[in-house]
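Participant: Mapping the sequence shown onto our numbering, position 98 (from 1) lands on 100, and the numbers just tick up by one.
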Amino acid sequence: MITTGQRRLIVASLVWLVVVPSVVAAQTPSAGAAIAGRVVDAYPGATPQPDAVLYRRMDGPPVPTAGRVPVRPDRTFVIEHLVAGLYELYANFSSRRQMVTVGAADVTGIELVVSGQGRVIAAGRMDDGSAMPPGGGALVHIALRLAASAPLESREGFTVPPGEYWLLVVPPAGTFVKSMMAGDVDLRRMPLRIEPGARPLGVDVVLTRGKRTGAHSCQVRIA
3 MITTGQRRLI VASLVWLVVV PSVVAAQTPS AGAAIAGRVV DAYPGATPQP
53 DAVLYRRMDG PPVPTAGRVP VRPDRTFVIE HLVAGLYELY ANFSSRRQMV
103 TVGAADVTGI ELVVSGQGRV IAAGRMDDGS AMPPGGGALV HIALRLAASA
153 PLESREGFTV PPGEYWLLVV PPAGTFVKSM MAGDVDLRRM PLRIEPGARP
203 LGVDVVLTRG KRTGAHSCQV RIA
């Protein structure tokens with residue numbers, strides 16, 4: 003004959019067998035799908051070379067899925083444990099994005115293109131060969147969309163991804179821009195096109211004294 007205590011023990015055991023496995027299963031994340039592919043150059047020797055692939059989910063819950071995975075020495079990458087949805091992928095140092103739809107199965111054969119970047123180096127000088135005004139090195143600079151600046155004396159310049167930019171020259175007080183050339187292109191009169199990954203573009207800025215003070219800008223497109 004089963005006592006009341008034994009009956010309670012049996013009921014408790016049944017509840018443990020039924021409830022606990024389902025709770026554990028609910029807490030165990032699904033393996034999900036994977037995206038696998040390779041990083042390729044848009045042109046031979048595109049620089050700089052990416053070391054990571056970034057991704058983010060473009061649909062689904064308010065909190066997006068996002069992260070980054072390393073690019074392997076053989077230029078392949080794998081993103082694992084993804085729930086179904088639409089994802090945006092791109093390699094760092096590249097402006098090109100790729101949309102990938104993930105379902106129940108793995109997605110393979112993806113190629114992410116490295117778009118490369120363009121580089122601009124500018125140098126300034128006075129038209130009469132004299133030295134820059136005191137403090138000129140700090141005041142004369144080249145800015146791209148005002149997001150970055152550097153003295154004209156700097157030889158590092160700017161390295162930027164493809165896009166539309168404004169090249170801005172701000173001269174020291176008491177001077178103004180007499181000319182602004184990139185090779186035989188007069189940047190005061192026409193926009194400039196830079197091929198990404200090409201040799202650094204040199205911009206020669208000539209300043210003059212005794213004129214109005216003002217800034218000059220030109221549109222630059224890095225293809």
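Where a beta carbon is used, it is the ideal one built from N, C-alpha and C, also for glycine.
(1) Which term fits residue 62, buried or exposed, when burial requires 16 or more other beta carbons within 10 angstroms of its beta carbon?
(2) Considering only the alpha carbon of each residue, which of 219, 128, 84 lies closest to residue 102?
(3) Residue 39 and residue 79 look like a contact to me (Cβ under 8 Å); what is the Cβ gap, rounded to whole Å?
(4) Exposed or buried, residue 189, counting other C-beta atoms within 10 Å across all chains shown (16 or more means buried)?
(5) Could you compute how far the alpha carbon of residue 173 sits from the alpha carbon of residue 86?
(6) Using DSSP's beta-bridge definition, name the partner residues of residue 178.
(7) What residue range is occupied by the uninterrupted beta strand (DSSP E) comprising residue 244?
(8) For the candidate residues 125, 41, 92, whose alpha-carbon lies nearest to that of residue 183?
(9) Taking residue 43 as part of the beta strand (DSSP E), name the residues at either end of that continuous run.
(10) Please list the terminal residues of the continuous beta strand (DSSP E) segment that includes residue 107.
(11) Would you call residue 42 buried or exposed, if buried means 16 or more other Cβ atoms sit within 10 Å of its Cβ?
(12) Excluding sequence positions up to five away, which residues of its chain have a Cβ less than 8 Å from the Cβ of residue 56?
(13) Can you tell me the Cβ-Cβ gap for residue 73 and residue 54, rounded? I've got them flagged as a contact below 8 Å.
(14) Are there 16 or more other CB atoms within 10 angstroms of the CB of residue 110, so buried, or fewer, so exposed?
(15) How is residue 133 classed by DSSP in three states: helix, strand or coil?
Facilitator: Taking the structure as given:
(1) Residue 62 is exposed by the Cβ-count criterion.
(2) Out of 219, 128, 84, 84 has the C-alpha closest to the C-alpha of residue 102.
(3) Contact between residue 39 and residue 79 holds, with the beta-carbon distance rounding to 6 Å and staying under 8 Å.
(4) Flag for residue 189 reads buried.
(5) Near 54 Å, if we compare the C-alpha coordinates of residue 86 and residue 173.
(6) Its beta-bridge partners are 210.
(7) This structure leaves residue 244 out entirely; the chain is present only between 3 and 225.
(8) Of the candidates 125, 41, 92, the one whose C-alpha sits nearest the C-alpha of residue 183 is 125.
(9) Counting along the chain, the beta strand (DSSP E) containing residue 43 begins and ends at 35-43.
(10) Under the DSSP assignment, residue 107 falls outside any beta strand (DSSP E); it carries neither an H nor an E label.
(11) Classification for residue 42: exposed.
(12) For residue 56, the CB contacts under 8 Å within the same chain, skipping 5 residues up- and downstream, are 68, 69, 70, 91, 92, 93, 94 in chain order.
(13) With a contact defined as Cβ atoms closer than 8 Å, residue 73 and residue 54 qualify at about 6 Å.
(14) Under this definition residue 110 is an exposed residue.
(15) Residue 133 falls in the coil class under three-state DSSP.
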